[in-house]
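Colleague: Would you mind keeping the following structure in view while I ask a few things?
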Amino acid sequence: MFRSRVLGSRFLSTPTLDTWRRLLRQDRTPLVNVFKPNELRGTLTPYDLPGAFDAMRTNTTYPILATLYDLCKAMPWITEQGTPGLLRTGEYTKVVDEMDNASEAILTMAEHALHDPANTEDTIATLAMLKIIYAHLINNYCYQPCRHALEQSKDPNRVGRANPVIPAQLAQPRTILCTLFDTEMPLYRWQNYNEYSPANCRVLPKDAPELNQDTVTTMVRGEGSRDEIGFIGNHYVQESRTPKLISACTDLLAACKHHNANGAADAYRTAVEAMRHINEVNKQMPQWCSPRGYNQLRIWIPGPRNHSGHAARDLFPPQGVCFEGSEELGAPEYDMSRGETGAMTTIIKLARTMSLFSYDTQTFGENELTLAQRDFDLRREPAQRMFINRTAARLEEYNALKLAHTHPHVWLQLTRLRAQIIEHNITHYGYSRHYIFENKEASTSALFEATGGTTHQFLPTSALANISQTLLEIRQLKTMATSLDAAEIAELDAIQERLTMLEDVTQKQRDKFVHMEEEQRQHQVEKA
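Start counting the sequence shown at 4; every next residue gets the next number (this note's numbering).
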């Protein structure tokens, strides 16, 4: 049960701002590295965030932590007990408006952690958990009116307007936490994919022998439904299978640096195994989340489009979302509320980087998704973004593509990895059709403009670009594949056959969307 506590000032004192300025000058690497991909847990943090979350409940040093823990438990539309939470009863906004500003406590913890990071792992984990909590508190604060509007309209395209102003007691702690876990003042403070899913999950019991719907759950929630927990949990299980992908990345860089073809082939082989296991989980998503349940949980997920403007469907004013009190911290007052997409998780972005994919703009053109993907990279967890950028730079420096193209056995393994990435692309697009375009529980026009729309209609084009490039290289590889054995040639043939079939299906889907857009434009012209 949420318990009100003694409240302090919502705004920051001079000593608090002085502490903030000191921290801005410090090396924050120990905090940034909390979410750095690692060979032990892959893209998951090795820090015990669930343990930090539980410890907040009884923390006496910083009473605000217990307040935040209670709020997380009382907040969801549906609580763990199955009762209406603060979001549903309409009390959430009032509770937030009366909250204390935790900025001073956060800055004190950060100074302590950075002074002796080796002996303050618990404090670092608490700060990381707070970063996740404030991301969800802000997200839910903004979208609560939309969820109520959806409850009335039953139409995901009629969700009214969101709260456009985030009060200082949420905005300032979030701005501080985003900066603490970055090397510079971030351009973007909205909830990222890592905070929504991988870093927000826990396993119960902790030593569960298997990760499934009964053992994986979430800590901070919006809808609070079984479908939401399942949707987020499935992504977590995919991320839990990334240690081999990170290990393969490390091995690939070492092999390419020393022009070691056998080492590169082995690294790609390991990456293929990792992606195959990830795809196994990805294909189970319908068992974890139903289309009906997706309708409700989707309202809490910011869409990839910027949805600030004057149009009827724009949820926020043209200038974006106001982060009250941010200027006091030297940060922008407004931010654009845009989410990432499951199609561009760190898993897929890293795998694409390792597989040396390049998008053929001349053939397939730029579209809203390709443009948004560049923006997603800026909104990725900083440590993960830096890891991917470093990998890309090293592979280019070591001329990894030349190494692959001059050694058929490396090229074969590279092709196998690309095939697994394409399988992930196609599976994700399949869910777009299942949950969005063909969702009978939603309106007939359910492109889910609800929270900023979707770029899913451009997924066939992106998949088609990947397929086309891979098929071209398969044909090139076959002309120099004299060193491949019969089994390897047979596997290459099977990949080619599969991708040729997918190319035909995907091209038809792409043509369908082009036709739909043309019809829509024609309708608008006639209407005008």
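We treat Cβ as the ideally placed atom computed from N, Cα and C, and that holds for glycine.
#1: Could you compute how far the alpha carbon of HIS280 sits from the alpha carbon of SER243?
#2: Name the residue from TYR337, ARG295 and GLN416 whose alpha carbon lies nearest to the alpha carbon of PHE326.
#3: Less than 8 Å separating the beta-carbons of THR349 and ILE425?
#4: Determine the contact status of SER311 and PHE319, defining contact as a CB-CB distance below 8 Å.
#5: Given this structure, state the Cα-to-Cα distance separating ASP21 from MET112, to the nearest angstrom.
#6: How far does the alpha helix (DSSP H) with CYS292 in it reach, from first residue to last?
#7: Short check: CB of GLY45 to CB of THR366, under 8 Å?
#8: Counting along the chain, where does the beta strand (DSSP E) carrying ARG205 start and finish?
#9: Just list the residues that DSSP pairs CYS325 with in beta bridges.
#10: Taking one C-beta from the segment 374–386 and one from the segment 225–245 each time, how about it: are there three or more such pairs within less than 8 Å?
#11: Can you check which of these residues, ILE169, GLN479 and ALA116, is closest to LEU415 by C-alpha distance?
#12: Is the beta carbon of ASP230 sitting closer than 8 Å to the one on TYR146?
#13: Look up VAL219 in the DSSP assignment and give the residues it is bridged to.
#14: I believe GLN84 touches ASN282 by the beta-carbon criterion, under 8 Å. Please report the beta-carbon distance rounded to the nearest angstrom.
#15: Please classify THR63 as buried or exposed, where buried requires at least 16 other C-beta atoms within 10 Å of its C-beta.
#16: Spatial neighbours of PHE360 within its chain, please: CB distance less than 8 Å, with the 5 preceding and 5 following residues excluded, ordered by chain position.
#17: Which residue from ASP496, THR418, SER228 and ARG60 puts its Cα closest to that of SER293?
#18: Give the secondary structure of ILE304 by DSSP, where H, G and I count as helix, E and B as strand, and everything else as coil.
#19: DSSP on ASN41, reduced to helix/strand/coil?
#20: Report back the beta-carbon spacing between VAL219 and VAL206 to the nearest angstrom; my notes put them in contact at under 8 Å.
#21: For TYR401, which residues from the same chain have a beta carbon less than 7 Å from its beta carbon, with the 5 sequence-adjacent residues on both sides left out?
#22: Under the rule that 16 or more other beta-carbon atoms within 10 Å means buried, what is ALA354, buried or exposed?
#23: Please say whether ALA131 and LEU52 have beta carbons closer to each other than 8 Å?
#24: In or out: MET278 buried (at least 16 other Cβ within 10 Å) or exposed?
#25: With distances taken between CB atoms, is the gap from LEU248 to THR394 smaller than 8 Å?
#26: Considering only the beta carbon of each residue, do TRP80 and LEU90 sit closer than 8 Å?
#27: Would you mind reading off the limits of the alpha helix (DSSP H) that contains THR80?
#28: When you compare only the Cα positions, how much space is there between GLY433 and LEU398?
#29: Is SER538 helix, strand or coil when you go by DSSP?
#30: Quickly, what does DSSP pair PHE516 with across the bridge? List them, please.
#31: Pop quiz: PRO411 and MET357 are said to be a contact at Cβ under 8 Å. What is the actual Cβ separation, rounded to whole angstroms?
#32: For ALA493 and PRO289, I'd like the C-alpha separation in whole angstroms.
#33: Just the Cα atoms here: how many angstroms apart are THR3 and GLN29?
#34: Could you work out which residue in THR126, ALA165 and ARG295 is closest to ILE109 when comparing CA atoms only?
#35: Taking Cβ positions, are VAL35 and THR48 nearer each other than 8 Å?
#36: In angstroms, rounded to a whole number, what distance separates the CA positions of GLN510 and THR464?
Modeller: Working from what's here:
#1: 10 Å
#2: TYR337
#3: no
#4: yes
#5: 15 Å
#6: That residue, CYS292, is in no alpha helix (DSSP H); it is neither H nor E in DSSP.
#7: no
#8: 204–206
#9: VAL168 and TYR337
#10: no
#11: GLN479
#12: no
#13: VAL206
#14: Incorrect: roughly 36 Å between the Cβ atoms, too far for contact.
#15: exposed
#16: ARG421, ILE424, ASN469 and GLN472
#17: SER228
#18: coil
#19: strand
#20: 6 Å
#21: CYS259 and LYS260
#22: buried
#23: yes
#24: buried
#25: no
#26: yes
#27: Note that residue 80 is Trp in the sequence shown, not Thr. First-last for TRP80: undefined, no H or E at that position.
#28: 32 Å
#29: Absent from the model: residue 538. The displayed extent of the chain is 4 to 531, so no value can be given.
#30: Its beta-bridge partners do not exist; DSSP assigns none.
#31: The pair is not a contact, with the Cβ atoms about 19 Å apart (cut-off 8 Å).
#32: 32 Å
#33: As shown, the chain starts at 4 and ends at 531. That puts residue 3 outside it, with no answer to give.
#34: THR126
#35: no
#36: 8 Å
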